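Data first, discussion second: the structure below is written as structure tokens.
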Ligand SMILES: Cc1cc2nc3c(=O)[nH]c(=O)nc-3n(C[C@H](O)[C@H](O)[C@H](O)COP(=O)(O)OP(=O)(O)OC[C@H]3O[C@@H](n4cnc5c(N)ncnc54)[C@H](O)[C@@H]3O)c2cc1C
Ligand code: FES
């Protein structure tokens with residue numbers, strides 16, 4: 563099959579998650595099976611394409627959700643010009659996702675921020691589907707302010723449930739007098755003396771600055787670089803390891819990632835650019 567050939571996918575729902583992030587629910591002409599953490603190229607006819615990690619469960623085959631922060635040409639076009647019923651294109655999935663088999667039996671420690679929650683929501687759905695296989699799942703979510711928290715319904719459900727331990731924080735709640743939760747960047751809630759670090763794994767996904775400080779915090783907590791799974795983002799073009807756009811040292815993020823352990827990346831200055 564031609565790896566550049568997108569599958570037509572009808573836009574069936576648009577969900578405003580926050581002032582800057584929208585979730586698009588797509589119904590592809592044929593199922594696009596993916597492993598959680600892999601990415602797809604979303605093609606917007608006449609505009610261009612961009613890589614995104616599905617935010618939906620990998621167990622749901624007939625539909626796919628993609629949560630998008632509006633930052634440039636393709637993503638702003640989606641916000642301003644697309645509507646339910648439009649047909650977009652999806653090619654992929656590409657790259658390496660989260661190695662769930664390796665996570666089994668372990669304490670899984672997840673830190674995310676901003677639109678980084680998109681791949682993490684997919685990961686959480688996958689973990690919850692088989693929750694007894696994992697020793698413990700802890701999730702630390704950070705958002706800029708209360709309004710910027712995405713997936714509010716799921717977050718509320720996860721907070722109420724007892725399958726995983728979720729903690730939320732916002733950088734600042736200055737203009738939100740009703741907020742009675744934690745305040746501070748996500749690293750301030752990464753304090754878990756009872757986490758099983760020695761035989762655990764950690765996962766980080768978010769904006770580069772958050773990824774950098776969360777990784778430093780995990781190292782400080784005692785995780786080894788090969789226990790820290792980063793979901794990498796680099797400018798991409800082909801998505802299939804041919805054009806060289808997404809290089810970090812000897813690796814192509816589209817092919818060797820986007821999920822990569824920190825031990826592979828720690829020697830390269832551009833890792834958190
Ligand atoms: C593997 C992978 C998975 C990704 N998954 C997601 C996802 O699930 N959800 C999501 O929203 N994004 C995700 N991204 C980022 C997304 O691909 C870019 O935001 C998108 O390509 C921007 O396209 P554009 O045409 O709108 O912007 P462009 O017109 O290409 O860029 C416009 C401007 O925005 C800046 N810019 C580009 N990306 C970002 C960014 N992420 N944050 C801030 N500024 C930026 C550029 O530097 C440029 O100045 C992912 C990226 C990769 C590589
Ligand atoms: S995007 Fe072309 S090599 Fe990765």
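Numbering (the numbering used here), first residue to last: 563 to 835. Note that beta-carbon positions come from the ideal geometry of N, C-alpha and C, so glycine has one too. Keep in mind the model is a prediction, meaning the values are calculated, not measured.
Ordered by chain, the residues meeting the criterion of a beta-carbon within less than 6 Å of a non-hydrogen atom of ligand 2 are 798, 799, 800, 801, 803, 804, 805, 806, 807, 808, 814 and 816.
For residue 629, the secondary structure class from DSSP, reduced to helix, strand or coil, is strand. By the criterion of at least three beta-carbon pairs nearer than 8 Å, the stretch 660–680 is in contact with the stretch 759–769. As a beta-bridge residue in DSSP terms, residue 651 pairs with 570 and 605.
Cβ-Cβ separation between residue 656 and residue 614: approximately 11 Å, too far for a contact (criterion under 8 Å). DSSP places residue 797 outside both helix and strand once states are collapsed to three, so it counts as coil.
Here residue 566 is exposed: its Cβ has fewer than 16 other Cβ atoms, across all protein chains shown, within 10 Å. No heavy atom of ligand 1 is found nearer than 7 Å to the CB of residue 674.
Excluding five sequence positions before and after residue 749, the CB atoms of its chain that fall closer than 7 Å to its own CB belong to 775, 776 and 779, given in chain order. Here DSSP, grouped into helix, strand and coil, assigns residue 669 to strand.
For residue 727, the uninterrupted beta strand (DSSP E) run begins and ends at 727–732, by DSSP. In the DSSP annotation of this structure, the continuous segment of the alpha helix (DSSP H) that includes residue 775 starts and ends at 770–783.
Under the three-state reduction of DSSP output, residue 702 falls in the strand class. A distance below 8 Å separates the beta carbons of residue 626 and residue 588.
For residue 677, the shortest separation between its Cβ and any heavy atom of ligand 1 lies below 7 Å. Counting C-beta pairs with one atom in each stretch, the stretch 695–704 and the stretch 656–676 have three or more that are closer than 8 Å, which means they touch. Under the three-state reduction of DSSP output, residue 646 falls in the coil class, being neither helix nor strand. Relative to ligand 1, residue 579 has its C-beta separated by 7 Å or more from all heavy atoms. In this model, residue 695 and residue 689 are separated by some 8 Å (Cα to Cα). In the pairwise beta carbon analysis, the stretch 738–753 is classified as not touching the stretch 659–666: fewer than three pairs are separated by under 8 Å. Between residue 683 and residue 617, the C-beta gap is smaller than 8 Å, which places the two residues in contact. The beta-bridge partner set that DSSP reports for residue 613 consists of 603. The DSSP-derived three-state label of residue 593 is coil. Beta-bridge partners of residue 585 (DSSP): 577 and 629. Note: residue 822 is bridge-paired with 792 in the DSSP secondary-structure output. As a beta-bridge residue in DSSP terms, residue 763 pairs with 670.
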